[in-house]
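For the sequence shown, full-length UniProt numbering gives the first residue as 1, with consecutive numbering after it.
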Amino acid sequence: MSYTEDDPNEIAVPVHRGAHIADPGPLGLAAFALTTFILSCANAGFISVEAEAAVFGVALFYGGLTQLAAGMWEFLKGNVFGATAFSSYGAFWLSFWYLVTYTAEEMGAERHVGVGIFLLAWTIFTVYMWFASTRISAALFVTFSVLLAAFVFLTLGALLEQTGLTRVGGYFGLAAAAGAWYTSAAGVLSTTFGRVVLPTGPR
Numbered sequence: 001m002s003y004t005e006d007d008p009n010e011i012a013v014p015v016h017r018g019a020h021i022a023d024p025g026p027l028g029l030a031a032f033a034l035t036t037f038i039l040s041c042a043n044a045g046f047i048s049v050e051a052e053a054a055v056f057g058v059a060l061f062y063g064g065l066t067q068l069a070a071g072m073w074e075f076l077k078g079n080v081f082g083a084t085a086f087s088s089y090g091a092f093w094l095s096f097w098y099l100v101t102y103t104a105e106e107m108g109a110e111r112h113v114g115v116g117i118f119l120l121a122w123t124i125f126t127v128y129m130w131f132a133s134t135r136i137s138a139a140l141f142v143t144f145s146v147l148l149a150a151f152v153f154l155t156l157g158a159l160l161e162q163t164g165l166t167r168v169g170g171y172f173g174l175a176a177a178a179g180a181w182y183t184s185a186a187g188v189l190s191t192t193f194g195r196v197v198l199p200t201g202p203r
């Protein structure tokens, strides 16, 4: 927080950190939701493996770079949770894009192990973000709950090479996308209409 100092005779008016920046939360959530939705459609078996390639460009530009930018803006606003979540999951999508595009074939027969460890690491991160979400809103808590379940099943599906577990992870991923979209829409609509349109629940 800073204070105006133009005229010593004027009353100092507090200027809150990042007050000039619009809330980046809805953007970050929308980027996460859309990218997660497309990939989860593939994981759940609703689209073919070949069609899964449709997510790569979205993972790079929307889920990755756009969400990372939202995280940087959250830093400016002093929102530690939002900054950590958006920056990290933005990096997740960027690393996912790089993994599938450039390194997946190099892993050969051990690809499932590499992908499984990759997903396990993100599962661990999601555990404490899920715990922190209990202090934000009910909508985010539900979103992180199903996201955590998605990561658990996707990790097990990769390590054990069980398509059925991966499909369950895809279903939970679709639920996480729906929760993130809902929370994003709640932020956009409340700002636009100046009142609560979609409730997100108490902390």
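A virtual CB, placed ideally from N, CA and C, is assigned to each residue, including glycine.
### Message
Let's see if you can read the secondary structure: which residues bound the alpha helix (DSSP H) around Asn-43?
### Response
25 to 43
### Message
Just to check my reading of the structure: Thr-155 and Phe-144 have Cβ atoms closer than 8 Å, yes? What is that Cβ distance to the nearest angstrom?
### Response
About 16 Å; that fails the 8 Å criterion.
### Euclidean distance between Cα positions of Phe-118 and Cys-41
Rounded to the nearest angstrom, the two C-alpha atoms are 20 Å apart.
### Query
How about Leu-165 and Phe-151: do their beta carbons lie closer than 8 Å?
no
### Task
Go to Met-107, then tell me how far its alpha helix (DSSP H) extends in each direction, as first and last residue.
First-last for Met-107: undefined, no H or E at that position.
#### Entry: Rounded Cβ spacing between Gln-67 and Phe-81 (contact assumed at less than 8 Å)
Rounded, the Cβ-Cβ distance is 14 Å, inconsistent with contact.
### Query
I think Gly-45 touches Gly-173, with their Cβ atoms under 8 Å apart; what is that distance to the nearest whole Å?
Going by Cβ atoms, the distance from Gly-45 to Gly-173 rounds to 12 Å, so no, they are not a contact pair.
### Query
Which residue spans inside the stretch 55 to 95 form an unbroken alpha helix (DSSP H) run of at least 4?
67 to 77
### Query
Excluding the five sequence neighbours on either side, which residues of its own chain have a C-beta within less than 7 Å of the C-beta of Leu-189, listed in chain order?
Result list for Leu-189: Val-197 and Leu-198, in chain order.
### Task
Pick helix, strand or coil for Thr-200, following the three-state DSSP scheme.
When secondary structure is reduced to three states using DSSP, Thr-200 falls in the coil class, being assigned neither helix nor strand.
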